[in-house]
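Engineer: Heads up, the sequence shown is in this note's numbering, so the first residue is 5 and it goes up one at a time.
Mind having a look at this structure? Questions to follow.
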Amino acid sequence: MRVLSLAAVLLVLPVAPAHAQTPAAAPRIFISVDMEGIGGVVSGDQISVGAFEYERFRGLMTEEANAAIAAARAAGAGEIVVADSHGTMQNLLVERLPADVQVVRGSPRPLGMMQGIDASFAGVIFIGYHASTTNPEGVRAHSFSSANLADLRLNGVSVTEGAWNAALAAHFGVPVLAVSGDEAAVKEVASLVPGVETATVKWPYGFHAARTLTPSAARDAIAAAVRRGMERRSTIVPPRARTPVELEIRFKNYRPSEPLSWLRGVRRIDAHAVAYTAADMVEAARFLQFVLTYQAALEP
């Protein structure tokens, strides 16, 4: 996988962080929480609805989110919005979250893992993130759909979910302050998103194996990274993606690319891939969510 900074990859112009416009206000923070990168997670037994450890790890996912919330609060955060960003996006135990946070849950939604982000936020925090599908290392490494996608390219370069979500936040002028996950995941995000603080909670031995911190140690590492990110937030200027945004989606199977190419504006690159030119990251995100979630047989 090519390793470049997000600014170099996307060829962008820096924009002033949204929080610079309202220096006196307590900063609003957006937290996106995935599950594969939670401490102790190594297989579908912890992250799949109905699996024998799923309910237990919903609790640990919630506790890692709470560690980030508490650290952000201690560093001066005001309103906090938490986006449940794994699978059905209904994993966090909402009754265990602080009463004064708001939660984004349920799927599908137009901006996916970043639904709710806007220019009023001072920073974004990623919890429980994982490596991309093109990375040979990483626990449960994939890009948005482990069953369907073989690669996701933004302006010609493969991106992780973290880098994609960072580019979407940057559309609104919001910087990424911290990311937690396994070693492969945080290295990927740090290589593509300059300035982000990282918390490594496990070290991969394979797709379904890792050496991991205990839950309490993972929460401590997350809290420390969030505190560092909050302290540095005024110095981080998020790069805005070059527009129009060029999106390439490569599927593991050959069938999806054919009917998608019949849509106006969608180009078939080869038997497994399509390309789409979006006006900006919001349009690109909405197109990606359409591709990932639309089914002709959808019912209430």
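Think of the CB as a built atom: it goes at the ideal place given N, C-alpha and C, for glycine as much as any other residue.
Going by the CB atoms, is the gap between residue 96 and residue 105 shorter than 8 Å?
Structural biologist: Start at 1 with the first residue of the sequence shown, and residue 105 comes out as number 101. Start at 1 with the first residue of the sequence shown, and residue 96 comes out as number 92. Against a cut-off of 8 Å, the Cβ pair of residue 96 and residue 105 comes out as no contact.
Engineer: From residue 158 to residue 121, what does the alpha carbon distance come to, in whole angstroms?
Structural biologist: Looking up residue 158 in the sequence shown gives position 154. Looking up residue 121 in the sequence shown gives position 117. If you take the alpha carbons of residue 158 and residue 121, they lie about 19 Å apart.
Engineer: Taking its Cβ as the centre, do 16 or more other Cβ atoms sit within 10 Å of residue 63, making it buried, or is it exposed?
Structural biologist: Residue 63 sits at position 59 when you count from the first residue of the sequence shown. The residue in question, residue 63, is exposed, as its Cβ has fewer than 16 Cβ neighbours within 10 Å.
Engineer: Return helix, strand or coil for residue 58, following the three-state DSSP convention.
Structural biologist: Taking the first residue of the sequence shown as 1, we reach residue 58 at position 54. Correct three-state label for residue 58: helix.
Engineer: Considering only residues of the stretch 32-84, which uninterrupted beta strand (DSSP E) runs meet the minimum length of 3 residues and lie entirely inside it, listed in chain order?
Structural biologist: If we require 3 residues or more, the beta strand (DSSP E) runs fully inside the stretch 32-84 come out as 32-37.
Engineer: Mind checking who residue 125 pairs with in its DSSP beta bridge?
Structural biologist: Here residue 125 refers to the residue found at position 121 when the sequence shown is read from its first residue. According to DSSP, which records beta bridges pairwise, residue 125 is partnered with 32.
Engineer: Pick from 196, 85, 195 and 76: whose alpha carbon is nearest that of residue 34?
Structural biologist: The residue labelled residue 34 in the question sits at position 30 within the sequence shown. Residue 85 is the option with its Cα nearest to residue 34.
Engineer: Which residues share a DSSP beta bridge with residue 192?
Structural biologist: Locating residue 192 in the sequence shown gives position 188, where the first residue counts as 1. Answer by DSSP bridge pairing: none, since residue 192 is not bridged.
Engineer: Compare the C-alpha of residue 183 against each of 93, 77, 284 and 42 and name the closest.
Structural biologist: Looking up residue 183 in the sequence shown gives position 179. Closest option to residue 183, Cα to Cα, is 42.
Engineer: Tell me which residues share the same chain as residue 75 and place their Cβ nearer than 6 Å to its Cβ, disregarding the 5 neighbours each side in the sequence.
Structural biologist: For the purposes of this step, residue 75 is identified with residue 71 of the sequence shown, where counting begins at 1. Correct list, in chain order: 227, 230 and 231.
Engineer: On the CB-based measure, 16 or more other CB atoms within 10 Å of its CB, does residue 239 come out buried or exposed?
Structural biologist: For the purposes of this step, residue 239 is taken as residue 235 along the sequence shown, with counting starting at 1. With fewer than 16 other Cβ atoms within 10 Å, it is exposed.
Engineer: Helix, strand or coil: how does DSSP classify residue 294 here?
Structural biologist: Position 290 of the sequence shown holds residue 294. Reduced to three states, the DSSP call for residue 294 is helix.
Engineer: Just the C-alpha distance for residue 164 and residue 119, rounded to the nearest angstrom, thanks.
Structural biologist: Against the sequence shown, residue 164 aligns to sequence position 160. Against the sequence shown, residue 119 aligns to sequence position 115. If I take the Cα positions, the gap works out to 17 Å.
Engineer: If the criterion is Cβ atoms closer than 8 Å, does the pair residue 149 and residue 155 meet it?
Structural biologist: Counting from one through the sequence shown, the residue named residue 149 turns up at place 145. Counting from one through the sequence shown, the residue named residue 155 turns up at place 151. With respect to the 8 Å criterion, residue 149 and residue 155 are not classified as neighbours on the basis of their beta carbons.
Engineer: Any chance you could list the alpha helix (DSSP H) runs of at least 4 consecutive residues sitting entirely within the stretch 230-272, in chain order?
Structural biologist: 261-264
Engineer: With respect to the alpha helix (DSSP H) encompassing residue 156, which residues constitute its N-terminal and C-terminal limits?
Structural biologist: As a first step, residue 156 must be located in the sequence shown, where it is residue number 152. Note, residue 156: premise wrong, no alpha helix (DSSP H); beta strand (DSSP E) at 153-158.
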